[in-house]
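Asks: Protein chains in written order, with the numbering used here: chain A, 1 to 569; chain B, 570 to 1138; chain C, 1139 to 1421; chain D, 1422 to 1704.
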Amino acid sequence: MKRSVTVGIAGAGGDGVVVLGSLLQKIAATQGYYGQMPRYYGAQIRGGGSAVKLILDGERPSLPGDTLDLMVCFDWEKYLEVDHELPLAPDTIVLFENEPAQEVILPEKSFKVDFSSRSREVTGSTRGKNIMALGLLTRVLSIPGDAVREAIALDEEFALLRDNLSAFEAGEELASEFSFPELGLAPARSASAKTVLTGNSAMARAAIRVGCRAFFSYPITPASELMQEMERELGGGNGVFLQAEDEIAAAGLALGASLAGAKAMTATSGPGLDLMTEMMGLASAAEIPMLIVDVQRCGPSTGIPSKSEQSDLDHAIYGGHGDASRVVLAPCDVEGCYRSIIEGMGIAQRFQAPVIVLSDQWLGQTLVAVDGGFQEDECETAERLRAEGPELEGYRRYRLRDDFISPISDVGDAGLAYRTTGLSHNESGAPASDFETHQRLHVKRRKKLAPLSERDDLVSVWGSDESSRGIITWGSSAQFVLEAVKCLGLEGVVKVCVPELICPLPRKVERFVSSVEKLLVVEMNYSGQLHRYLRSELDLPKGTEVWARVGGRPFSRSELAGPIGGIAK
Amino acid sequence: MKRSVTVGIAGAGGDGVVVLGSLLQKIAATQGYYGQMPRYYGAQIRGGGSAVKLILDGERPSLPGDTLDLMVCFDWEKYLEVDHELPLAPDTIVLFENEPAQEVILPEKSFKVDFSSRSREVTGSTRGKNIMALGLLTRVLSIPGDAVREAIALDEEFALLRDNLSAFEAGEELASEFSFPELGLAPARSASAKTVLTGNSAMARAAIRVGCRAFFSYPITPASELMQEMERELGGGNGVFLQAEDEIAAAGLALGASLAGAKAMTATSGPGLDLMTEMMGLASAAEIPMLIVDVQRCGPSTGIPSKSEQSDLDHAIYGGHGDASRVVLAPCDVEGCYRSIIEGMGIAQRFQAPVIVLSDQWLGQTLVAVDGGFQEDECETAERLRAEGPELEGYRRYRLRDDFISPISDVGDAGLAYRTTGLSHNESGAPASDFETHQRLHVKRRKKLAPLSERDDLVSVWGSDESSRGIITWGSSAQFVLEAVKCLGLEGVVKVCVPELICPLPRKVERFVSSVEKLLVVEMNYSGQLHRYLRSELDLPKGTEVWARVGGRPFSRSELAGPIGGIAK
Amino acid sequence: MTGGTSYVSDVEPIWCRGCGNFGVLNALARRALPNLGIPRDQVFAVSGIGCSSRMPGYVDTYGLNSIHGRAVVIAQGAKLSRPELTVVAIGGDGDFFSIGAGHFPHAVRRNIDITCIMLNNFVYALTKGQTSPTTPHLEKREEMTGLEFYLPPVDPMLDMVAYSLSTKASFVAQGIATDVSHLDSLIEEGIKHEGFSFISVLTPCVTFHHSELFAEMKEKAVYLREGELVDVPDTAETEPWPHDPGNIGLALNLAQIPVLEKPYLGVFFRGKQGPSLNGKVGG
Amino acid sequence: MTGGTSYVSDVEPIWCRGCGNFGVLNALARRALPNLGIPRDQVFAVSGIGCSSRMPGYVDTYGLNSIHGRAVVIAQGAKLSRPELTVVAIGGDGDFFSIGAGHFPHAVRRNIDITCIMLNNFVYALTKGQTSPTTPHLEKREEMTGLEFYLPPVDPMLDMVAYSLSTKASFVAQGIATDVSHLDSLIEEGIKHEGFSFISVLTPCVTFHHSELFAEMKEKAVYLREGELVDVPDTAETEPWPHDPGNIGLALNLAQIPVLEKPYLGVFFRGKQGPSLNGKVGG
Ligand SMILES: Cc1ncc(C[n+]2csc(CCOP(=O)(O)OP(=O)(O)O)c2C)c(N)n1
Ligand SMILES: Cc1ncc(C[n+]2csc(CCOP(=O)(O)OP(=O)(O)O)c2C)c(N)n1
Ligand code: SF4
Ligand code: SF4
Ligand SMILES: [Mg+2]
Ligand SMILES: [Mg+2]
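1. Taking a contact to mean a Cβ-Cβ separation below 8 Å, would you say A:Ile471 touches A:Val522 in this structure?
2. Can you tell me the Cβ-Cβ gap for A:Ala432 and A:Ser424, rounded? I've got them flagged as a contact below 8 Å.
3. Is any heavy atom of ligand 1 found at a distance shorter than 7 Å from the C-beta of C:Cys1154?
4. Pull out every residue of the region 506 to 533 of chain A whose Cβ sits closer than 9 Å to any Cβ of chain B, in chain order.
5. Three-state secondary structure (DSSP) at A:Ile564?
6. Any contact between the region 784 to 801 of chain B and the region 858 to 869 of chain B? By contact I mean 3 or more CB pairs, one from each, below 8 Å.
7. Is C:Gly1207 close to chain A? Criterion is C-beta to C-beta, closer than 8 Å.
8. Whose C-alpha, out of D:Thr1656, D:Asp1652, D:Leu1673 and D:Ala1657, is nearest the C-alpha of D:Pro1663?
9. Taking just the CA atoms, how far does B:Arg608 sit from B:Thr935?
10. Taking only heavy atoms of ligand 1 into account, decide whether any of them is closer than 7 Å to the Cβ of C:Leu1257.
11. Answer yes or no: the CB of B:Thr871 versus the heavy atoms of ligand 8, is any distance below 7 Å?
12. Below 8 Å, can you find three or more Cβ-Cβ pairs linking the region 936 to 952 of chain B to the region 913 to 922 of chain B?
13. What are the boundary residues of the alpha helix (DSSP H) that includes C:Thr1328?
14. Does the beta carbon of D:Thr1548 sit closer than 8 Å to a beta carbon anywhere in chain A?
15. Anyone know if the C-beta pair for B:Val574 and B:Leu632 falls short of 8 Å?
16. Do B:Pro1073 and B:Leu1027 have their CB atoms nearer than 8 Å?
17. Would you check if the distance between the CB atom of C:Gly1333 and the CB atom of C:Asn1249 is smaller than 8 Å?
18. Regarding D:Asp1576 and ligand 2, is the C-beta to nearest heavy atom distance less than 7 Å?
19. Any heavy atom of ligand 6 closer than 7 Å to the CB of D:Ser1474?
20. When the distance is taken between beta carbons, is D:Leu1579 closer than 8 Å to C:Ala1300?
21. Compare the beta carbon distance of A:Gly261 and D:Arg1503 with 8 Å and say whether it is the shorter of the two.
22. Residues of the region 1624 to 1642 of chain D in Cβ contact with chain B at a cutoff of 7 Å, in chain order, please.
23. What residues of chain C sit near D:Val1653, judged by a beta carbon separation below 7 Å?
24. Using a Cβ-based criterion (distance less than 7 Å to any ligand heavy atom), does D:Thr1552 qualify as near ligand 4?
25. At a threshold of 7 Å, does D:His1489 count as lining ligand 2 (C-beta to nearest heavy atom)?
26. Here's a check: name, in chain order, each residue in its chain whose Cβ is nearer than 6 Å to the Cβ of B:Glu798, leaving out the five neighbours to either side.
27. Run the CB neighbour count on D:Leu1568, radius 10 Å, all protein chains shown included, and call it buried at 16 or more, exposed below.
28. Whose C-beta lies closer than 6 Å to the C-beta of D:Ala1672 among residues of the same chain, with five residues either side of it excluded?
29. Assign D:Leu1623 to one of two classes, buried (16 or more other C-beta atoms within 10 Å of its C-beta) or exposed (fewer than that).
30. Taking contact to mean 3 or more Cβ pairs, one atom from each stretch, closer than 8 Å, check whether the region 1040 to 1060 of chain B and the region 884 to 902 of chain B are in contact.
31. Classify D:Ile1533 as helix, strand or coil using the three-state DSSP reduction.
32. Along chain D, in chain order, which residues have C-beta atoms closer than 7 Å to that of B:Gly616?
33. Since B:Pro923 contacts B:Arg895 with CB under 8 Å, what's their CB separation in whole angstroms?
34. Within its chain, find whatever has a CB closer than 6 Å to the CB of A:Arg557; leave out the 5 residues flanking it on each side and keep chain order.
Put into structure tokens, the structure is as follows:
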């Protein structure tokens, strides 16, 4: 029996590919399997190709294999739009509905299964074919039928399945025709059910958890699901949600809400982040807490909206005229997505600054099954520093204190009215145009963030302290790097550093850098943005290597074997 | 007699301070004197303080002295708003109208002159007082009266003076009462008349020269004069000028005009540049020529609109989501302002990319008198690469060639219609969402700029090749650095490198860096933006020093003496 | 003369089968442009971002699928710099009336001779079904915020006519994607109109909208005919009047009737012509 | 009750002597806010950038001099998150109707209970005298471009009334900086109005505009009084009608008369009240 299996599913828009994949993942999750299921889709709204690649793993969260163990194909033409993402290996087992196009070379163990007509026989419609395939897959993977039925009964998420049980059962019966003992999944090491969610949804949950009750946004791929989940959460009087007229307004609405005390937030992708630039500068200058999520996609300009890239780091760190201090966080997995919102919201409030959280299409839209415990972890309360005692008299909004953080009052707080501005201003918030004040407030806004550099907990390091070979990577690329290091058996040789806090740069990254002789930076953008940033801040080892290329295709283990093997030598 | 004299003039808004300074500078320029006259003004539209600091120099273009040789004060209260910019020395000669406020310690040679009442006596109004002061100053500085009268007669610029000649003459007569032989200016080394203009105006002239006939902009301090000069130039059918509804539109109008073949341009300051970010990304992605001038002021956010800073470099280089290649130029003087527009427009056309020219308030608004020859220099024709021969058949807009630059057709050109997009696209301009095409077009857009790295002519180096001590500085700060090095007598010891082309970084800068043992970077922004950029691109000498602080006050020789003296040791 | 040929490019549209955008493509590229005999390389079609904004990719002229909301400014820039061009700005309801809304009052008052075609499908289609500024006031909107305030849609026709009051020079019309030949005639007139023109096209998104919405609209639709009495809804306070697109006051009355009550098809307002940017005639 | 006191802060305005903005400051901070008895810390005044936008610095409440054109969105955010606040958005004609124009159709249809005060001085004052979207169509405009096309000003009152047609819920009024007590009454009513309100203030820029412009406007100005016949200009096509700010059709007629011909002072339109964001009542 196998520890893990990678299943690919491809078809046309109406084939129910994503539903099939999600249901399989969710059922497996009830049995304790970890899972990760990226989605691949094109620019077409309907009728385009749709594919998923799902790994089920009984031991640890892991990435889908480079090639597939098992493949279900409803439509070979659509498959060819995504064949790069779902490559077949000679030993892939393929279940397909129609004869393949010429370009497809079928592996040895390929079988034609007539899902559609069987579905029609059983349910009167071909639309049940994905559910039928689901039944078949559970059997092939040895997920016990009883368990499935129990899960179905318990959870509303399976309503669709419940309503189509006949198709499911017909699928189970097919199993006798296609038995592949080599694909049976060993029982999960821990049978406790896993939580199934995407990064976008983890962020929405975290936002609610940390007390965000004011969310403003403008639709954009691949951030819209985050917006829509917040819309559902905050509807019906639970808070304030507004779909803005554009991203300038989204950011402005959030800034206004924040001034009035709300833990306010907005989410977007690259083009929207561009439009928020000026408002971000105001938040920075006037020290207004603000949380911005950027679910990155391929750029520049409209780029490839449905595909992942990590090319907004430059803008997150440096974007905007003037020296506008800000904080940049970048989670590398779903749990990190959750944590980064909790942390980001807290930092925004405590440090009174704009915080940008960089997610990406992979993180945002990939459905994963993970231990959900992080959702119960103790949680940052994200409070703002309040004036007290003598400060209440003659309150000055930007009073300089040793830690450079001034007590803030919310619009509406009694007795503490203040006026502020994006103009250079003095400690009272009144416009000032003298050099000294201008410099002093710059120092304040930068130095107040200094304690963040000590946040060692926001930098993860894997591997042995003694290693003299190191990799720094960030965001979703980290998953691929860690997986590749593991596959190459180099865990003892190469250590990996993943900063979740990128700006200001934590000192732990500096210590990591100075502890290695050879360094590799891996990221998914053309120009090596993290590398350039690190180089601008630290002395990197001579001959530091960079593996940076555009997005549009996930890293694979084999792609990364080269550069990682290189520094391991 | 003196080689140069620094004159300060201060007063209230209505006192005619700037008119007085400009007339004096222009008269002196007719006699061959170089001059430089920064303006200092506050946020008040009227009734606020107004001051200028004018150096007249018979030998070379130079900066006003740190302290004044001569001061004319119409209003001490207003003077106190700008006293930092116009510091008095013990030997400053002061001519003042009213008794000073207590805070002012008058130097020994201070004289009360009743400009207003004398003006009323002569002209019937106090408004002639600045012209009267002008008459007095020409005498004090030994500018021959005949020459003045000749100049007045010849040039329309002096119409105001001609109309108020009686006040002028009354001023001249005053001279007998206040004779300061020590202030007499030696005749200019070359009597050929100097050209008097600001950086903003130099840019407008260059734009016209290089064939810009489409200008779109939105008013903003300190870039508005550039807009207004283009409005005058392009009016009456000479071209297209439009004041846009905002900066997004200004950039969009320019982009549209450029697609249709115009050498199009826009100008703004920091907040406007923020708003142009997304359009810049489109220009980069779709390879549309576009010239953007940013006349920098103090940031972040609204900052100090009337004062100079160099803090938009980060945004110019890195602003915008995705890896959007662009070119960044930064002139350091008025001649450079002219050249950077000629070059920038040429580069935009030839390399089909957005070009950002970073000016600043000092460059843009300071009136200088210089040798005007540069306006007749041979000039870049700024042509676009056109398809020819076999390329005309089956024209592909983004055809990959060895130099990565594809022939471009303008909208309206017969037979070469193409479609393009900000989406990732193939060589024909059609949307493409595969990784390979995406990577290939990134390579194209970056590599096509490579020849710019060889533009040694866009990097100036002063001092001796053999020096092992170097300074890199940029923009208007370069003037102060060069002046300070000269004053400190360190020209033989310290060499200075000023890149006018910043991105892509010319190799000459790299050679400069590797030729020195000690390096100092000087710039006027809080975080040392050029330094960080250089560090991200080059290996800088260990212990490289940075002198970076916010704007709002020009550098002085004495301020820079410390850091420059430091590396000279 | 290129009349008779088709200006549809060889790129396969990726729109859903049954999408109204096909009708607009046909009206523009198979009819209006060839009928007018404008050489393809004298046409510039520029769009924003959206399903609708894919259009320029499918029209064999110069074309740009630009960024969200900015087609109208890019169009003006191109036209100003090369006045002999025929410039068409294409966008969706979100593109034009949400993120791009601020550009219209200014485009109208400048009266630059471009033709805007808005594909109003009453939804954000490309981003998969969110509320657009023209999405009818459905029950859904109640959930949209904890604070249940009144959130009716924007009315592009009304706004365009109101903006036109200052110049009295625009051309403002509405067509429907299912009547290609009528739409063609509006587009042709819009292009020929010397000055700013705006054509709203009612077009179904078959994927993200109740199919009834469009069916109902199509059923209710009435064609405006000059001189004939306007068919006003029962709820209207005014008596029917003879349609006169030359009269902006009447156009304003017409535009006040919500599209969901009475989708009028035809020319709402036809302002005075000119200035011709070609001839540089003052207005 | 704080009534009777002044809410003017101790920061000295840097406006030119004689600037109309002083009148607005007085109406708002010496009269309306204290008269209404709203505690200073329950008021949020937010502006954009411009001479006019300096205002919040001079009013002793919570205040933000934000960025150009965005006061209206920031105001909505604050109000939504803390509905008990009195939120006033202040801006210039450029701020509100040039760079910020795209936010208004949406602010109006959301009908969030904020009060916008636009200081219309018909010029970009802070940036020293450029044409604003309301700058009257002077000879100057001919020089503005090589292409001499027709470039009339935007009409904020007309646009605001037109936007209000969909909700019939806004409050739209116009005052003049020289009549502080009338302006005060408009501002008070605007603040009390439960829903979106917009008050345009005709205010002279004594530095960058022909002094005649304002003098003439002041002279021509007529006060609107409910029930009394509206004084329409001779050029108007309509007969005078009794002023009824409750009737949006009439408001639209009124708004169509250009401000330069007849600057009306008073309430153009007073829509239905609500929803009250405080009480979370649906509209
Ligand atoms: C600045 C920016 N914000 C958001 C988006 C995402 N986006 C793409 S199309 C679109 C709206 C689509 O609606 P509409 O304009 O009505 O066009 P349709 O797809 O309905 O034809 C949005 C919000 C974007 N591309 N750029
Ligand atoms: C994004 C941006 N663009 C331009 C400016 C420059 N600017 C400041 S105020 C202003 C317009 C002023 O006109 P108005 O809004 O009518 O206010 P007024 O000064 O007349 O009261 C402009 C263009 C800016 N601050 N920010
Ligand atoms: S989603 Fe709607 S608008 Fe987009 S192509 Fe499909 S039917 Fe047309
Ligand atoms: S410039 Fe005009 S608007 Fe500005 S303060 Fe002076 S008078 Fe007032
Ligand atoms: Mg739409
Ligand atoms: Mg104004």
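Just so you know, even glycine gets a beta-carbon here, dropped at the ideal spot from N, CA and C.
Replies: Let me spell this out:
1. With a cutoff of 8 Å on beta-carbon distance, A:Ile471 and A:Val522 are scored as near each other.
2. A:Ala432 to A:Ser424, Cβ: 6 Å. Contact.
3. No, since every heavy atom of ligand 1 falls outside the 7 Å radius drawn around the Cβ of C:Cys1154.
4. Contact residues of the region 506 to 533 of chain A toward chain B are Asn525, Tyr526, Ser527, Gln529, His531, Arg532 and Tyr533 (C-beta to C-beta distance below 9 Å).
5. It is helical.
6. Contact annotation: the region 784 to 801 of chain B touches the region 858 to 869 of chain B, with at least three C-beta pairs closer than 8 Å.
7. Yes, contact with chain A.
8. Sorting D:Thr1656, D:Asp1652, D:Leu1673 and D:Ala1657 by C-alpha distance to the C-alpha of D:Pro1663 places D:Asp1652 at the top.
9. So the alpha carbons of these two residues sit roughly 6 Å apart.
10. The beta carbon of C:Leu1257 sits closer than 7 Å to at least one heavy atom of ligand 1.
11. Among the ligands modelled here, namely ligand 1, ligand 2, ligand 3, ligand 4, ligand 5 and ligand 6, ligand 8 does not occur.
12. Per the Cβ contact rule, the region 936 to 952 of chain B is in contact with the region 913 to 922 of chain B (3 or more Cβ pairs under 8 Å).
13. Sequence inspection shows Gly at residue 1328 of chain C; the Thr mentioned does not correspond to that position. Looking at the DSSP string, the run of the alpha helix (DSSP H) that includes C:Gly1328 is Val1318 to Lys1330.
14. Taking CB atoms only, D:Thr1548 has no neighbour in chain A less than 8 Å away.
15. It is not a contact, given that the beta carbons lie outside the stated cut-off.
16. Not in contact: B:Pro1073 and B:Leu1027 (Cβ atoms no closer than 8 Å).
17. With a cutoff of 8 Å on beta-carbon distance, C:Gly1333 and C:Asn1249 are scored as near each other.
18. Distances from the CB of D:Asp1576 to the heavy atoms of ligand 2 are all 7 Å or more.
19. Distance from the C-beta of D:Ser1474 to the nearest heavy atom of ligand 6 is not below 7 Å.
20. Going by C-beta atoms, C:Ala1300 is nearer than 8 Å to D:Leu1579.
21. Yes, they are a contact pair.
22. Within the region 1624 to 1642 of chain D, the residues whose Cβ lies closer than 7 Å to some Cβ of chain B are Thr1628, listed in chain order.
23. What D:Val1653 touches in chain C: nothing, since even the nearest Cβ is about 14 Å away.
24. It does not: the Cβ of D:Thr1552 is nowhere closer than 7 Å to a heavy atom of ligand 4.
25. Yes - ligand 2 has a heavy atom lying nearer than 7 Å to the Cβ of D:His1489.
26. Excluding sequence neighbours, B:Glu798 sits near Ser770 and Ala773.
27. Model confidence at D:Leu1568 stands at a pLDDT of 44, short of 50, so the residue's coordinates are unreliable; what they give is reported in the following sentence. Answer is buried; the Cβ neighbour count reaches 16.
28. Within the same chain, D:Ala1672 has close Cβ partners Val1582, Phe1689 and Phe1690.
29. Under a 10 Å Cβ-count criterion, D:Leu1623 is classified as buried, with 16 or more other Cβ atoms of the shown protein chains found around its own Cβ.
30. Output reads yes: the region 884 to 902 of chain B touches the region 1040 to 1060 of chain B.
31. In the three-state scheme derived from DSSP, where H, G and I count as helix and E and B as strand, D:Ile1533 is classed as coil.
32. Listed along chain D, the residues sitting closer than 7 Å to B:Gly616 by beta-carbon distance are Cys1437 and Arg1438.
33. That pair is a contact at about 5 Å.
34. If we look at A:Arg557 and ignore the five residues flanking it on each side, its Cβ neighbours are Asp66, Ala484 and Cys487.
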